[in-house]
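Visitor: The sequence shown runs -20 to -1, 1 to 634 under mature numbering (1 follows the signal peptide of the UniProt record, and there is no 0).
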Amino acid sequence: MKGLELLLLPLLFILKDVSAQWNVWMPRDISAMTNSCVVIPCSFTYPSGVRPYRGVHGIWYFGHPFPQLFPPVVFKSRTDIVHESYKGRTRLLGDLTQKNCTLLIKNIGAEHSGRYYFRADLGGANIYTYPDFTQLQVLDQPNIDVPEEIFSDQSLDLTCYVPDNCPDMIPEIHWMYTDYLPDPFFTPDGIAESNTPIHSITLTFTPRPMHNGQLLGCRVHYTNTTFVYERIISLDVKYAPRTVWVNVSQEQMEGSSVVLHCDVDSNPIPTITWFFGNQELTSVIASNASLFLENLAPEDQGIYTCAGDNGLGIMNTSMFLAVNYPPREPWINESITVVEGSSLSLQCISKANPTPTLTWLKNGELVGTIKAQEEGSTLELHEIVPQADGVYRCLAENEHGRASSSLNVTVEFAPVLLQDSKCTIIREGVQCICIATGNPEPTIEFFLPDLNITINGSSNRFQFFAQSDHYTTTGIIKLRDKGERGNNGDTAVHVHCSITNVYGSDTFRLELQQEKKYIMAVIVGTIGGVAVIAFIIAAVRYVGHNNKKENGNPGQDVGSKVENPAMFYSAVKKDKQSLRKKVLKTELLGSKFNSILEEGTGDDSDYQSVGPIGGMERQELNYAALEFLHGRHREGGFRRADGDGSDYTEIKTK
Ligand SMILES: *[C@@H]1O[C@H](CO)[C@@H](O)[C@H](O)[C@H]1NC(C)=O
Ligand SMILES: *[C@@H]1O[C@H](CO)[C@@H](O)[C@H](O)[C@H]1NC(C)=O
Ligand SMILES: *[C@@H]1O[C@H](CO)[C@@H](O)[C@H](O)[C@H]1NC(C)=O
Ligand SMILES: *[C@@H]1O[C@H](CO)[C@@H](O)[C@H](O)[C@H]1NC(C)=O
Ligand SMILES: *[C@@H]1O[C@H](CO)[C@@H](O)[C@H](O)[C@H]1NC(C)=O
Ligand SMILES: *[C@@H]1O[C@H](CO)[C@@H](O)[C@H](O)[C@H]1NC(C)=O
Ligand SMILES: *[C@@H]1O[C@H](CO)[C@@H](O)[C@H](O)[C@H]1NC(C)=O
Ligand SMILES: *[C@@H]1O[C@H](CO)[C@@H](O)[C@H](O)[C@H]1NC(C)=O
Ligand SMILES: *[C@@H]1O[C@H](CO)[C@@H](O)[C@H](O)[C@H]1NC(C)=O
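(1) Report whether the distance from the Cβ of D60 to the nearest heavy atom of ligand 1 is below 8 Å.
(2) Would you call the stretch 436 to 453 and the stretch 286 to 297 touching, i.e. three or more CB-CB distances under 8 Å?
(3) In whole angstroms, what is the alpha-carbon distance linking Q232 and A394?
(4) Is it true that the CB of N296 sits closer than 9 Å to the CB of T335?
(5) Kindly indicate which three-state DSSP category Y66 falls into: helix, strand or coil?
(6) Opposite I406 in the DSSP bridges: which residues?
(7) Could you check where the beta strand (DSSP E) with Q443 kicks off and where it finishes?
(8) If you drop the 5 nearest sequence neighbours on each side, which residues of the same chain put their C-beta closer than 8 Å to that of K402?
(9) Between which two residues does the beta strand (DSSP E) containing I435 stretch?
(10) Since V303 and E234 are thought to touch, with beta carbons under 8 Å apart, how far apart are those beta carbons, to the nearest angstrom?
(11) Looking at V318: is its Cβ nearer than 9 Å to the Cβ of T434?
(12) Helix, strand or coil: how does DSSP classify E530 here?
(13) Confirm the yes/no value for this check: CB of N436, any heavy atom of ligand 8, distance under 8 Å.
(14) Start and end of the beta strand (DSSP E) containing A368?
(15) In the DSSP assignment, find the unbroken beta strand (DSSP E) run with F488 in it and report its ends.
(16) Given W311, which residues of its chain have a CB within under 6 Å of its CB, disregarding the five upstream and five downstream residues?
(17) Give me the Cα-Cα distance between V590 and Y372, rounded to the nearest whole angstrom.
(18) Excluding the five sequence neighbours on either side, which residues of its own chain have a C-beta within less than 6 Å of the C-beta of V347, listed in chain order?
(19) May I ask you to check if the CB of E314 is nearer than 8 Å to at least one heavy atom of ligand 6?
(20) Can we say the stretch 127 to 143 touches the stretch 50 to 70, given the rule of at least three CB pairs closer than 8 Å?
(21) Using CA coordinates, which residue listed in F165, D159 and P147 is at the minimum distance from L136?
(22) So if DSSP puts N333 in a beta bridge, which residue, or which two residues, is it bridged to?
(23) Tell me where the beta strand (DSSP E) around V19 begins and ends.
(24) Which residues mark the beginning and the end of the beta strand (DSSP E) in which D137 is found?
(25) Nearest CA to the CA of V410: which residue from P420, T203, P32 and I457?
(26) Count the other CB atoms within 10 Å of the CB of P151; is the residue buried (16 or more) or exposed (fewer)?
(27) Determine which residues share a DSSP beta bridge with W340 and list them.
(28) Taking 9 Å as the threshold (C-beta atoms), are R95 and G35 in contact?
(29) With respect to 8 Å, is the separation between the Cβ of S23 and the closest non-hydrogen atom of ligand 1 below this value?
(30) Taking Cβ positions, are S229 and F300 nearer each other than 9 Å?
(31) Looking only at its own chain, which residues have a Cβ that is under 6 Å from the Cβ of T453, when we skip the five neighbours before and after it?
(32) Determine the closest residue to C374 out of K351, E64 and P122, with distance taken between C-alpha atoms.
(33) Is H241 buried or exposed, if buried means 16 or more other CB atoms sit within 10 Å of its CB?
(34) Where G273 and V264 are concerned, what is the direct C-alpha to C-alpha distance, given to the nearest angstrom?
(35) What are the start and end residues of the beta strand (DSSP E) that includes L459?
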């Protein structure tokens, strides 16, 4: 206790010292709601030497402390004369003799905002206006304390308060629009702020991004009055980007233009950046940003990402933009020349979006084994046969278009004798035709074994023609007279044909063809001879018989090489009755012949092609069979040496 006294003693001296001067205490600031009242607490001191003369009086001034400036009188204890705006509104609550200058102002209006000064009047010259003042603030709304920044997901305190300086009127505070807040919590309080009481209710909740911009209100009502005061605030809730919206992934045609849109939900507004892959395209501070892509090229296809960054967080969303285009002209191998039997691998690559389907066509038909590969397709041709020769086209297609490229495959192959090779009896003698196909085109030589003569060019004795066209060589010789047909008068002609190119060589004996026109010629030449007619009938039967036999063993007569061409041609049953005769003027080998061409009708053709044969044209029209009208040969007979296994034909004339 002693210690405490020792401590308080100097403090009391100071207080005594202060109370012995001209001093006033009143709150620096005080506030009141309009239409309510306010009590300004006030106490004052004067020097102890001053003796009040005829009581202690006081005056409250508004605005200025100096009477010379005639400030409005708020209250005056000597009289009840006050400024008009305070008439009937003010009352001194304090007891001046007790140095208590507490003032009540009722029915406050906005015009009463300002400074209030007290002047003590102790009589005589002891009149003193204290320089300290109270600043009255007249409010028409309650106050809400809002933190400078409100962050989403962080607990928030919002305090609504009103001055509580009017003893007659008790404020009631209510928060408005809190129905949809998550778990709002209210804490009423009556704290004194800078020595003047206030009444408050603190609202506590955790705001979410969705509460940004939401209105909240505080409503103040005085009991038993109609006065209502409201303040509405809008929440500014800061939050990191919550959603980044971009257009859905989509497809566009090349050359078109597109606008991609990005919308970022964040507070504050973000910096929006558009990326193409990892490459930054544009950056802008806004809540939305459009990306304009014009004249789209295939390279523009890719992932577009929009990123929003507002300092509180980063978020991005991506979309895929596909740029479609029709197939480009495919890349394929160069034209190529190969040898039969070898294998080929041809590649075709075409760019397109969507990925094109690649088809290999030859003469419009699908060919080969196609292997799809990463960026194209490979056509594999194994064991290449001559008819693989031709134009190969790679066709690239997608829903936007098609394109193709072609290459030529040239197949080189050993010569092959065609079945039309034969000898026929003509007016002048015998004509032999040898037709062979091969690449390079084969050379043809005739060999007369009886004469031990090889013929590969015209001479006085032999007419020789040869012409090559499109992998086919046709050779013709004419044996003119007896001398050429044999050494003995009993003429028998054996004609061999040799066909040769770099890939091979072969020799065949040519068969004498038993032509219907030969028989016709015989008929013409022997009218009237019954025996002859009988012979003809026998001959016709014999021919039919032989042909059947031949057809039963195709290839038998022309050697092994002709068995291979079965791939190209299959001999079909020759129905002699349906053969048509046609006289044509044909230019052949530079000479003009009136020729009767045998032309098959429909499936009666001499040869039927099997499968696509490319450049290999049908050969029926490539030779001329010459008329046989020479009287000498009228009685000509022929005998076929079959049954004994030997394969040759004898042509006998008398
Ligand atoms: C001054 O007077 C008022 C009103 O009567 C009273 O409430 C207050 O307590 C007094 N002040 C002092 C310091 O006595
Ligand atoms: C309000 O008025 C009622 C009667 O009308 C009275 O009982 C009550 O005390 C009053 N309240 C205040 C705060 O003046
Ligand atoms: C992207 O979205 C925006 C907004 O919805 C729209 O206007 C625009 O056409 C869209 N763009 C495309 C390419 O769909
Ligand atoms: C895009 O942002 C601008 C301001 O940056 C705004 O005026 C406009 O309304 C926004 N558009 C959309 C669709 O949000
Ligand atoms: C997008 O966000 C992911 C993580 O969410 C990040 O790995 C990626 O780098 C971002 N992309 C861009 C282009 O910013
Ligand atoms: C075709 O081209 C591909 C790719 O260049 C190559 O690998 C292949 O050998 C070529 N084929 C031929 C037959 O040249
Ligand atoms: C293929 O050959 C034909 C002639 O047969 C020619 O017109 C064409 O240009 C050739 N194509 C290529 C790609 O070499
Ligand atoms: C055929 O003629 C050639 C010379 O041209 C000769 O060497 C050969 O011995 C002859 N053969 C016969 C069977 O006479
Ligand atoms: C014909 O054969 C002879 C000898 O074999 C040869 O020298 C000549 O070049 C050949 N002529 C033709 C046109 O092939």
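Virtual Cβ for every residue (Gly too), placed ideally from N, Cα, C.
Guide: Answer, in terms of the structure:
(1) no
(2) no
(3) 55 Å
(4) no
(5) helix
(6) G409
(7) F442 to D449
(8) C412, I413, L490, E491, L492 and Q493
(9) I433 to I435
(10) The Cβ separation is near 5 Å, so the contact holds.
(11) Not closer than 9 Å, so no.
(12) Confidence in E530 is poor, its pLDDT being 39 and thus under 50, which makes the residue's placement too unreliable to answer from.
(13) no
(14) Going by DSSP, A368 is part of no beta strand (DSSP E) at all; its letter is neither H nor E.
(15) Start and end: G484 to R489.
(16) I329
(17) At V590 the pLDDT is 35, less than 50, meaning the model places this residue with poor confidence and gives no usable figure here.
(18) W340
(19) yes
(20) Per the Cβ contact rule, the stretch 127 to 143 is not in contact with the stretch 50 to 70 (fewer than 3 Cβ pairs under 8 Å).
(21) The candidate whose alpha carbon is nearest that of L136 is F165.
(22) Y305
(23) Per DSSP, V19 belongs to the beta strand (DSSP E) from V18 to I20.
(24) Its beta strand (DSSP E) spans residues L136 to P143.
(25) I457
(26) buried
(27) C374
(28) The Cβ-Cβ distance between G35 and R95 does not fall below 9 Å.
(29) Checking every heavy atom of ligand 1 against the Cβ of S23, one is found closer than 8 Å.
(30) yes
(31) A416, E421, P422 and I424
(32) In terms of CA proximity to C374, K351 leads the group K351, E64 and P122.
(33) exposed
(34) Per the sequence shown, residue 273 should be read as Leu rather than Gly. Those two C-alpha atoms are separated by around 17 Å.
(35) T452 to L459
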